[in-house]
Amino acid sequence: MKKNRRKARKSNSFPLDRRQKRRLIALGEGVALGLCVCLVIFCAWKLVSIITEYGSGSKEYNQLEQYVLSEPLDPEEADDELQQRIDLASLQEINNEAIGWIEITGTKISYPLMHTTDNSWYLTHTFSGDENASGSIFVETANSADFTDLHTIIYGHNMNNGSMFGTLKKYKKQSYYENHPYIFIDLADGTHCYQIFSCHEAETTDISYTIGYAQNDTYQAFLDEITAASLYDTGVSVSTEDSVITLSTTGTGSGATRFVVHAKKLY
Numbered sequence: 312m313k314k315n316r317r318k319a320r321k322s323n324s325f326p327l328d329r330r331q332k333r334r335l336i337a338l339g340e341g342v343a344l345g346l347c348v349c350l351v352i353f354c355a356w357k358l359v360s361i362i363t364e365y366g367s368g369s370k371e372y373n374q375l376e377q378y379v380l381s382e383p384l385d386p387e388e389a390d391d392e393l394q395q396r397i398d399l400a401s402l403q404e405i406n407n408e409a410i411g412w413i414e415i416t417g418t419k420i421s422y423p424l425m426h427t428t429d430n431s432w433y434l435t436h437t438f439s440g441d442e443n444a445s446g447s448i449f450v451e452t453a454n455s456a457d458f459t460d461l462h463t464i465i466y467g468h469n470m471n472n473g474s475m476f477g478t479l480k481k482y483k484k485q486s487y488y489e490n491h492p493y494i495f496i497d498l499a500d501g502t503h504c505y506q507i508f509s510c511h512e513a514e515t516t517d518i519s520y521t522i523g524y525a526q527n528d529t530y531q532a533f534l535d536e537i538t539a540a541s542l543y544d545t546g547v548s549v550s551t552e553d554s555v556i557t558l559s560t561t562g563t564g565s566g567a568t569r570f571v572v573h574a575k576k577l578y
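Shown next, in the form of structure tokens:
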């Protein structure tokens, strides 16, 4: 009897038969397939969410174009009297943090300019205050809202669909710069024109992100450095008599770099 029990115990330790193996393999394949289906569904949902969010942001900003009353004048045609082409009062009735409008003729860049006490807010909120990955175009909070600083920084997302500052990186090519050399900034007192003089990539610690200058040798050294950093020679000179703006993306593929465009004020 004891021998028979030992044989029975021994027989229970035999490997699984073919039928059991097939069942386990089928079960494993089923689990793997289920995980793949779940992953596909999640990715599809995420993609639809992103597209919907992009569309919502674009729709909002397209509707705001109604407050742009005319195209900016060519710098050679402008006279001493500043052009009033933006209905800023109506924009401020919707959001009192609107300080103006930015436009680069012939490009997708045409948006209201925002200024608040927290740089992070408009990274994730549109003009209307809705939470959206598109964010807004906004002026550095430490800058004066009236652009009286010698150096003013303007931020915008590098959106994959080309909205916001998504087309700014096109200035990597000199031919694009030559076709779009001017930036128009509309403020309460009218339209101001800036001429681009330098375009380049920059680290987040780059001198491009320093402000608070006075008209002295330190400011000239700053201007010399950002001019020398340009990917190509624009032929535009700058001096301490000039006030400048910097347009900066908030990411260009690498988390540590941005693409920046510097321009000096003509009027």
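Positions 312 to 578 (the working numbering) are the ones given, in order, by the sequence shown. C-beta atoms are modelled at their ideal positions from N, C-alpha and C, and glycine is treated no differently. Values in this document were obtained by computation on a predicted structure and should not be read as measured data.
Contact check, residue i vs residue j, beta carbons under 8 Å
i: Thr521; j: Phe533; result: yes
i: Met425; j: Phe449; result: yes
i: Tyr433; j: Ser445; result: no
i: Ile507; j: Ile494; result: yes
i: Leu375; j: Gly501; result: no
i: Thr428; j: Thr463; result: no
i: Tyr466; j: Thr561; result: yes
i: Tyr372; j: Asp398; result: no
i: Asn527; j: Thr551; result: yes
Span separating the alpha-carbon of residue i from that of residue j
i: His468; j: Ala400; result: 26 Å
i: Gln395; j: Ser486; result: 30 Å
i: Leu384; j: Ile518; result: 32 Å
i: Ser548; j: His491; result: 17 Å
i: Ser431; j: Lys576; result: 27 Å
i: Glu382; j: Ile415; result: 10 Å
i: Ser554; j: Ala540; result: 18 Å
i: Tyr543; j: Met470; result: 24 Å
i: Tyr482; j: Gly417; result: 13 Å
i: Glu489; j: Asp390; result: 23 Å
i: Tyr524; j: Gly477; result: 29 Å
i: Gly473; j: Gln531; result: 34 Å
i: Asn407; j: Phe570; result: 29 Å
i: Asp535; j: Glu442; result: 39 Å
i: Thr435; j: Ile336; result: 47 Å
Exposure label - residue i; buried when at least 16 CB within 10 Å
i: Asp460; result: buried
i: Thr529; result: exposed
i: Arg329; result: exposed
i: Tyr578; result: exposed
i: Lys484; result: exposed
i: Gly411; result: buried
i: Leu380; result: exposed
i: Ser559; result: buried
i: Ile537; result: buried
i: Ala286; result: It is not possible to answer for residue 286, since the shown part of the chain is limited to 312 through 578.
i: Arg317; result: At Arg317, the pLDDT of 48 sits below 50, so the modelled position is not reliable; the number obtained from the coordinates is stated separately. The residue is exposed, with fewer than 16 neighbouring Cβ atoms inside 10 Å.
Nearest residue (CA-CA) to residue i, options the options
i: Asn454; options: Asn373, Lys576, Thr557; result: Thr557
i: Thr437; options: Ser541, Ser519, Ile405, Lys483; result: Ile405
i: Cys510; options: Gly440, Asn430, Ala574; result: Ala574
i: Glu387; options: His503, Ala540, Glu512; result: His503
i: Asp457; options: Ala409, Asp544, Ala389; result: Ala409
i: Ala499; options: Ser369, Lys370, Ile413, Asp390; result: Ile413
i: Tyr505; options: Tyr524, Pro423, Ile537, Val572; result: Val572
i: Tyr422; options: Lys370, Ala525, Ile537, Ile336; result: Lys370
i: Leu479; options: Glu552, Asp544, Ile336, Lys419; result: Lys419
i: Gln403; options: Ser439, Thr435, Tyr543; result: Ser439
Residue-chain proximity (residue i, chain B), Cβ-Cβ < 8 Å
i: Ser509; result: The structure shown contains no chain B; it is built from a single protein chain.
Helix, strand or coil at residue i [DSSP, three-state]
i: Lys575; result: strand
i: Thr452; result: coil
i: Ala532; result: helix
i: Ser509; result: strand
i: Ser541; result: coil
i: Arg569; result: strand
i: Ser519; result: helix
i: Asn471; result: coil
i: Ile415; result: coil
i: Ala444; result: coil
i: Ile420; result: coil
i: Glu514; result: strand
i: Tyr466; result: strand
i: Leu558; result: strand
i: Leu393; result: coil
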